[in-house]
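In what follows, a single structure is set out as structure tokens and then discussed.
Numbering (the numbering used here), first residue to last: 80 to 217.
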């Protein structure tokens, strides 16, 4: 991935792939949480992200890791949205097709909140705050 970014200048492709992969992973995690014998509605919010193994003997991830990953992906998705929105607005006067990344930003943010991880929330706030302040530079 680093070679693609440095040698081929494919950072946007890598960032888009990263965001979409995290969106798919969140959908899969929600599906496993709801169909894995425990209903998502009965779980405490802090339990989302403790992805159990198939036999329930081990935990494959914890909410801090899952929340941090989703927070980072939400910030990257918002960067892609800002970049594509500004370039399409300059070119054609309107933004078409960039709303998918805005929807992914909201979806990944909700997943980050479901983990109830303070570290993930702080990461999300810092990243989004920096974009709100210095987002025009993107």
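Using N, Cα and C, we set each Cβ at its ideal position, and we do this for glycine too.
Owing to the predicted nature of the structure, the values given are computational and were not obtained by experimental measurement.
Relative to the C-alpha of residue i, which candidate in the options has its C-alpha closest?
i: residue 161; options: 180, 152 and 148; result: 180
i: residue 107; options: 201, 185 and 190; result: 190
i: residue 185; options: 212, 141 and 105; result: 105
Give me, in chain order, the residues of the same chain whose beta-carbon lies closer than 7 Å to that of residue i; leave out the 5 immediate sequence neighbours on both sides.
i: residue 101; result: 148, 149, 152 and 187
Taking only three categories from DSSP, how would you classify residue i?
i: residue 141; result: coil
i: residue 156; result: helix
i: residue 202; result: helix
i: residue 188; result: helix
i: residue 88; result: coil
i: residue 165; result: helix
Once the 5 residues before and after residue i are set aside, which same chain residues still bring their CB inside 8 Å of it?
i: residue 210; result: 154, 157, 158, 161 and 217
i: residue 94; result: 155, 158 and 159
If you draw a straight line from the alpha carbon of residue i to that of residue j, how long is it in whole angstroms?
i: residue 109; j: residue 196; result: 17 Å
Quick test of your reading: residue i and residue j, contact by CB under 8 Å. State the CB separation rounded to the nearest angstrom.
i: residue 199; j: residue 146; result: 3 Å
i: residue 183; j: residue 98; result: 6 Å
So that I know if they touch, is there some Cβ in chain C lying closer than 8 Å to that of residue i?
i: residue 188; result: In the structure shown, chain C cannot be found, because there is only a single protein chain.
Report all residues from its chain with a CB closer than 6 Å to the CB of residue i; omit the five preceding and five following residues, and keep chain order.
i: residue 177; result: 160, 163 and 164
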